[in-house]
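Written out below as structure tokens is the structure these notes cover.
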Amino acid sequence: MAAIPAYAELRCVSNFSFLRGASQPEELVERAKQLGYAALAITDECSMSGIVRAHTAAKQHQLKLLVGSQFLVDWGIASCADTTPFDLTVLACNLHGYGNLCQFITKLRRSAPKGTYHLDISNISGEELADCVVLASPKRMCEPAQLATVAKWLLKQFLGRCWFGVDLLRILTDEMWLHRLRALSAFSAIPLVAAGDVHFHVRSRKPLQDVLTATRVGKPLSECGLDLQPNSERHLRTRLRLAQTYPEELLAETLNVASRCNFHLDELRYQYPDEVVPAGETPASYLRRITYEGAGRRWPKGMPAKVQSQIEYELALIGELQYEHYFLTVADIVAFARSRHILCQGRGSAANSVICYCIGVTEVDPARMSMLFERFISKERNEPPDIDIDFEHERREEVLQYLYAKYGRERAALTGVVISYRPKSAIRDVGKALGFSLHTVDALAKAHVWWDGNELRRERFEELGLSIDDLQVRQLLQLTAQLLGFPRHLSQHTGGFVLTKGPLSRMVPIENASMAEIAPCCSGTRTTSMRWAC
Amino acid sequence: MLWAALLPDSLPCDESRRTEATSGLATWCLQFTPRVAVIEGTSQSPAVVMELEASARLFGGKRRLVERVREDSPDLGIRQLSWAPTSLAAVAIARAGRSNGFGKPLDQLLDALPLQTLSAVALHRATLARLGCQTLGQVRALPRGGLSRRFDAELLAALDQAYGLRPEAHIWIELPETFGAKLELMARVELAPALLFGARRLMLQMSGWLAARHCGVNAFTLRWCHDTMRSKDAGDGGEITVRTAHATRDIEHLTRLLAEHLAKLQLLAPVSDLELLAIEVHSLQERSQTLLPEPQHAGESLALVLERIAARLGPERVLRPVVMEDHRIEWMSHWQPAPEPRPRKLNRSVDIPQPTFVLPEPLKLATRGERPLYQGLLQLLAGPHRVEGGWWDRTTVDGEQRTRNVARDYWVALSEHAGVLWVFQTRLANDQTAWFLHGVFA
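As you go down the protein sequences, you meet chains A and B in turn.
Convert by adding 170 to the 1-based position in the first sequence; the result is the number in my numbering.
FYI, my numbering numbers position 441 of the second sequence as 423, with every residue one higher than the one before it.
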């Protein structure tokens, strides 16, 4: 018996495509590894938010992760009988491609209201998405003439790095569709590749996906009708099933595409802004200078020898770990705040550092408190130091505006934060989808105390006139448990701020917030530079 | 100015009920014009007046408008309907029992009327009579200075206003947000169909209210109160709610529907009071008047006929097929009672060929080897087409809750004798699979 062909899934959304994907990135990665996939692409809709968690999981499970995003392309003004909207999946080949893709998403997100995007075909150009490969997936059953238009456009913009993604999802027209696409491929020389349009990691997640669809459409499930997916085929299928479904060459082509994408999220390195170091100084020398200047102010009668040796020890450690920029950036912000008489105060473990005391971040002489500097920074721990600064909350905005003015809107942004489903919101959405009356949904959500702990309290339900044995209630409990912790939407972090050396939009996508820009949650793990607690 | 005055007949003695009766009448009037007022609402003989000059064109001229108002007035319980150039004159003419205030010049008409036709004058009737005045004309002939010194200023003001020499000011009646009207029946009613007479009066008011709001009614409730002399077990009263599929304010249709409902009703005790409430009100598309009659409106509309039949036979016995959105073929259409509102129009359907005929129940097929049999061995032409869904569709079978969930692989199959078939393979209990026939392509 011939071996089962290898496969890489190139089109898969996680639950960071809000109200669409029904599996966590980690679950997808784990399942893909289990099934022996060669690689898995996480391509959330106009978003990169899922990839950090997928990356962590992929590293743990040693699975090749492809980073990308997918978009619904609209023909806009060019639309006519020969055009049809199609899905475009973009995968980053390398760091440069990743930067391009982030910038592209930023462009789309910034020109649309929060949480939405609109991609007109005239807004895409091959150069803008250099070092990326693309998969076009036209809508099922569009006419050959419409397919030809898409093919022509692909050849013009993405010659040599475009494919047609074929999704065979156990629909009656699968064979006909494959036939039509093969004719197109022969005519345009654009290769076909298998792509599963994956929405969840296992078949049994379909009910949850239905609930998400119902929430998106805003109707109970019984009225959703054709908005629901017709079957559960949009999961990570076993390789045996794939081998039975797709022709061999389409599966082999997935490996081809995957081999073109060699971007690894670890290549992304955070770089501190340069402005804080004046010309003619190195970061180390400048930090040393302002530290000793500060020390002169703190100890006008001359500093004790113990302090001096401590300063030298700290400077050496900071130099070794290359954290000078970070200290200089914080010193700069604090100096600005002081100059405007904005109350500010460093707190937490930073108080253990003499340097923080000298450069004015903290106000307590650490020598008097005899605490360990290693609590603040240590070589062994190998994680960036964390200086919390409290600002007067009425004037926090001034500090933010100063940062925007100094670093420019391209390089400074508020960090985003993912709002996840909590018991209350999960019950509300699942309850509405299952057709509970609004009154009951409200009552259930309010009395969600029964959720705490694993034991369900029968009396709680009976108080609301429901029985735990009722099918509808059982469905509610089961689906709510699955939905808990799912990301629901992006919001802005109360105090997080990102500053970078180069344009930030090349590192993470940025989108609009009510007052400023947000860098979605990517920044959470990699680029934390400072935090405000307000 | 074209003023109409309406005098209600047989008003109840209770003051609050009298106000209700006049305001119901005013509501009806509001369909013709927004300028409707109640004159002397609290007195023994209130009147409703409306100014119709501006509405004449909308209703096809003064004559048509007058006829239209006159047509409904007996059903509404109007004792006298009169027309005059000023509102007080219209009221005075009405109280005098005449209707036309345009036949002669106004002052000639009014001069001949007796004193009690104008309330402000009627107050001083005794004094004026002693002065030898019997008609309004004689009062007017008295010197104005003396009149104003001897009597109050209101007398002169009312006279001037009636004769059109001084502007009139009215507080216009505003259209209530919801409709509810009460009626005290003139006699105790013992048979349900006889309630229709009183109900029709209320429905006329409702139709006026609806017309003024450019709305139609989808559901209305008729409540009745039993007479106080009833037996104890009869209860306070009862109510019926009548629903229609299309919002309407066609009084004939509503009356007919109510009549069908009342015909089946038995009253527990004699009824003394009626109340009508409009429950569901929707805005109605107005149809413009056309020169040529439109062919589709020639007969009675189908919906109205169906509704009447459903009212007579029971709603469960008149059914209408409805197309639904669903991936499961047996739920793509179903029957629902005709009077229930239709779901919104659907434009989407599954984009794969569907069989012309669907079996009421899937028919289990025998198999030979792996292949299904139906009048011979079946040849599978196209497929599979996987349909999964319905886990949310709960039902109770034999007291046990189940879902109508399906997971089927459909195929287009060719049978030598039976033609092209729509068959599916599904998994049964204990890992067995079975074939079923579900539809036939014509």
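In this text, a Cβ means the ideal position worked out from N, Cα and C, and glycines have one as well.
Beta-carbon proximity list for residue i, same chain, < 7 Å, skipping 5 on both sides
i                : result
HIS420 (chain B) : ILE311, VAL340, LEU341, PRO344, TRP404, VAL405, PHE406
THR415 (chain A) : LEU338
THR383 (chain A) : CYS394, ASP397, LEU398
HIS106 (chain B) : PHE133, LEU137
LYS203 (chain A) : HIS231, LEU233
Local Cβ density within 10 Å of residue i, reported as buried at 16 or more and exposed below that
i                 : result
TYR129 (chain A)  : This structure does not reach residue 129 (chain A), given that chain A is present from 171 up to 704, and the question cannot be answered.
ARG331 (chain A)  : buried
TRP323 (chain A)  : buried
TRP317 (chain B)  : exposed
LEU180 (chain A)  : buried
LEU118 (chain B)  : buried
CYS115 (chain B)  : buried
SER(-2) (chain B) : exposed
ASP640 (chain A)  : exposed
ALA348 (chain B)  : exposed
ALA424 (chain B)  : exposed
GLN571 (chain A)  : exposed
TRP417 (chain B)  : buried
ILE589 (chain A)  : exposed
GLY586 (chain A)  : buried
LEU250 (chain B)  : exposed
ARG45 (chain B)   : exposed
ASP436 (chain A)  : exposed
TYR207 (chain A)  : buried
Bridge partners - residue i, DSSP secondary structure assignment
i                : result
LEU63 (chain B)  : B:LEU(-12)
GLY665 (chain A) : GLY665 (chain A) is not bridged to any residue.
GLN26 (chain B)  : Paired residues: none, contrary to the question.
LEU210 (chain A) : A:GLU179, A:LEU235
VAL369 (chain B) : B:ARG390
MET677 (chain A) : Answer is none; MET677 (chain A) lacks a bridge partner.
TRP417 (chain B) : B:LEU347, B:GLN407
CYS197 (chain B) : B:SER265
Where residue i meets chain B, residues with beta-carbon distance less than 8 Å
i                : result
ILE341 (chain A) : ILE334, HIS367, ARG368
MET218 (chain A) : Within 8 Å Cβ-Cβ: nothing; MET218 (chain A) doesn't reach chain B, min ~31 Å.
LEU198 (chain A) : Simply none; closest approach about 20 Å.
SER392 (chain A) : TRP374, ASP375
GLU403 (chain A) : ARG368
Listed by chain order, chain A residues near residue i by CB distance under 8 Å
i                : result
ASP308 (chain B) : GLY395, LEU396
TYR356 (chain B) : What TYR356 (chain B) touches in chain A: nothing, since even the nearest Cβ is about 19 Å away.
Residues near residue i in its chain [Cβ-Cβ closer than 6 Å; skip 5 each side]
i                : result
THR698 (chain A) : Confidence at THR698 (chain A) is low in this model, with a pLDDT of 32, below 50, so its placement is unreliable and the value that follows should be read with caution. Closer than 6 Å at Cβ, skipping near neighbours: no residue.
THR408 (chain B) : ARG390
ALA613 (chain A) : LEU634
GLY296 (chain A) : GLN327, PHE328
ASP252 (chain A) : ALA315, GLN316, THR319
GLY694 (chain A) : Residue placement at GLY694 (chain A) cannot be trusted, given a pLDDT of 32 that sits under 50; the coordinates are not used to answer.
ASP367 (chain A) : ARG181, ASP337, ARG404
Cross-chain neighbours of residue i in chain A, by beta carbon under 9 Å
i                : result
ARG353 (chain B) : What ARG353 (chain B) touches in chain A: nothing, since even the nearest Cβ is about 19 Å away.
Within chain A, the residues that residue i reaches when beta carbons sit closer than 7 Å
i                : result
ARG376 (chain B) : LEU641, GLN642
ARG330 (chain B) : LEU396
Closer than 6 Å: residue i CB and nearest the ligand SAM heavy atom
i               : result
VAL73 (chain B) : Within the structure as shown, the ligand SAM is missing, as the structure has no ligands at all.
Neighbouring residues, chain B, relative to residue i (Cβ below 7 Å)
i                : result
LEU351 (chain A) : Residues of chain B passing the Cβ test: none, with the nearest at roughly 16 Å.
LEU604 (chain A) : TRP374
Sequence-distant residues of its chain with Cβ nearer than 8 Å to residue i (five each side left out)
i                : result
LEU646 (chain A) : ILE597, VAL600, GLY601, LEU604, PHE606, LEU614
GLU451 (chain A) : ARG459
Neighbour list for residue i in chain B, Cβ cutoff strictly below 9 Å
i                : result
ASP380 (chain A) : GLY371, TRP373, TRP374
LYS376 (chain A) : GLU370, GLY371, TRP373
* Could you tell me whether the segment 227 to 241 of chain A touches the segment 438 to 456 of chain A, using the rule of 3 or more Cβ pairs below 8 Å? => no
* **Three-pair Cβ contact test at 8 Å for the segment 462 to 478 of chain A versus the segment 522 to 533 of chain A** => yes
* To do: Check whether the segment 140 to 149 of chain B touches the segment 167 to 181 of chain B, counting contact only when three or more Cβ pairs, one atom from each stretch, lie closer than 8 Å.
  => no
* **the segment 264 to 271 of chain A in contact with the segment 292 to 312 of chain A per 3-pair CB rule at 8 Å** => yes
* Hey, is the segment 278 to 289 of chain A in contact with the segment 238 to 246 of chain A, meaning 3+ C-beta pairs nearer than 8 Å? -> yes
* Asked: Would the segment 5 to 22 of chain B and the segment 178 to 190 of chain B be scored as touching if the rule is three or more Cβ pairs under 8 Å?
  -> yes
* **Segment contact, 8 Å Cβ cut-off, at least three pairs: the segment 188 to 196 of chain A with the segment 219 to 226 of chain A** => yes
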